[in-house]
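Notes follow the structure.
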Amino acid sequence: MLWLALSIFIATILLVIFKPRPFNEAGAICLGAIVMLILGLVPLSNISQIFSANLNILLFFLGLMLVSYFADLSGFFNSAVNLALKLSGGSSWRLLGLVFALGIVITMFMSNDATALLLTPVVFMLVSRYGLKPLPYIFACAFVANTASFIFPFSNPVNLLAVDKFNL
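Position in the sequence shown (from 1) plus 937 gives the number in this note's numbering.
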C-alpha cells in the first residue's frame, strides 16, 4: 500500500511539473487525490477530518482568491504598478524600490501568494513594455513575497497553519 501511494504521489508531482495536455496543476492534483480515494488509500471518512482541521486555511484561500480577483478586475494591480512607474521618474533604481514597496504592501495585506501570482506578471509586462531588463524586478517580487510574509500571520499560509496549530 505504501509503495502504491508513493507511486501515485510521484506520478501526481510529475504531472504537475510537466503539465501534459489536458492537465494543469489543479487537474493533476485532483486526479491524484481521486485515484487515492478510489483505491482506498485514503478513507472517505478522512475527508471531513481534513476539511475541518484546515477550514481556517481553506476559507482564507477562498477569501484571498475573491479579494485578489476583484482587485485585479478593478485594475488595482495595474494602477499600482503604473503609479510606481510614474513615481519612479524614469529611474530604474527608484522603480525597483517602488516595486519592493508595493510588494511589501500587497504581501502584508493579501499574502505572499497574491504578490507572487498577481503582482509578478503585471510587473513583468510593464517593465518589458518600457524596455527594462525584467529579471531584477521579477526577483524583487519573489524576494519581497517571501520576506514580507513574516509581518502578519495572514501574510503567509504557513504562518496561518502555525497560528492555528499552536493557538497563537
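Idealized CB from N, CA, C, for every residue including glycine.
Checklist entry - Are the CB atoms of S1005 and N1049 nearer to each other than 9 Å? => result Taking the C-beta atoms as reference points, N1049 is found no nearer than 9 Å to S1005.
Checklist entry - CB F946 to CB G969, shorter than 9 Å? => result Against a cut-off of 9 Å, the Cβ pair of G969 and F946 comes out as a contact.
Item to check | G1027: first and last residue of the uninterrupted alpha helix (DSSP H) it sits in | outcome: From DSSP, G1027 is part of no alpha helix (DSSP H); its letter is neither H nor E.
Next on the checklist: Quick check: L1055 and N1019, are their CB atoms within less than 9 Å of each other?
Outcome noted: No, the pair does not count as a contact, with Cβ atoms beyond the cut-off.
Checklist entry - Using a beta-carbon distance below 9 Å, is F1007 in contact with chain D? => result Here chain D cannot be found, since the structure has a single protein chain.
Item to check | Host alpha helix (DSSP H) of S982 (start-end) | outcome: Per DSSP, S982 is one residue of the alpha helix (DSSP H) stretching across L981 to A990.
Checklist entry - How many angstroms separate the CA atom of G1026 from the CA atom of L1003? => result Whole-angstrom Cα-Cα distance: 33 Å.
Next on the checklist: Can you give me the C-alpha to C-alpha distance between L974 and L943, rounded to a whole angstrom?
Outcome noted: Taking the straight line from one Cα to the other gives about 14 Å.
Next on the checklist: Please tell me whether L1022 and Y1067 are closer than 9 Å, where the distance is taken between their beta carbons.
Outcome noted: Taking a C-beta distance under 9 Å as the contact criterion, L1022 and Y1067 qualify as a contact pair.
Item to check | Other residues of its chain near I994: CB distance less than 8 Å, five sequence neighbours each side excluded | outcome: Scanning its chain for C-beta atoms nearer than 8 Å, with the 5 sequence neighbours on each side dropped, one finds around I994 the residues P1094, L1097, L1098 and D1101, in chain order.
Checklist entry - What distance in whole Å lies between the Cβ atoms of V1059 and F1014, which are believed to be in contact at a cut-off of 8 Å? => result With a Cβ gap of about 5 Å, F1014 and V1059 count as contacting.
Item to check | Where F1013 sits in the DSSP three-state scheme | outcome: Here F1013 sits in helix by DSSP.
Item to check | When P1090, S1016, L1035 and L1032 are compared against F1046, the one with the closest alpha-carbon | outcome: F1046 has its Cα closest to that of P1090, out of P1090, S1016, L1035 and L1032.
Item to check | Nearest residue (CA-CA) to N1083, options F1061, L1105 and F1037 | outcome: Minimum Cα distance to N1083 is reached at F1037.
Item to check | Contacting residues, own chain, Cβ-Cβ under 8 Å from L1033 (five flanking each side not counted) | outcome: The beta carbon of L1033 lies closer than 8 Å to those of P1073, Y1074 and A1077 in the same chain, with the five residues before and after it left out.
Next on the checklist: Just verifying my parser: in three-state terms, what is the DSSP assignment at N1096?
Outcome noted: It is helical.
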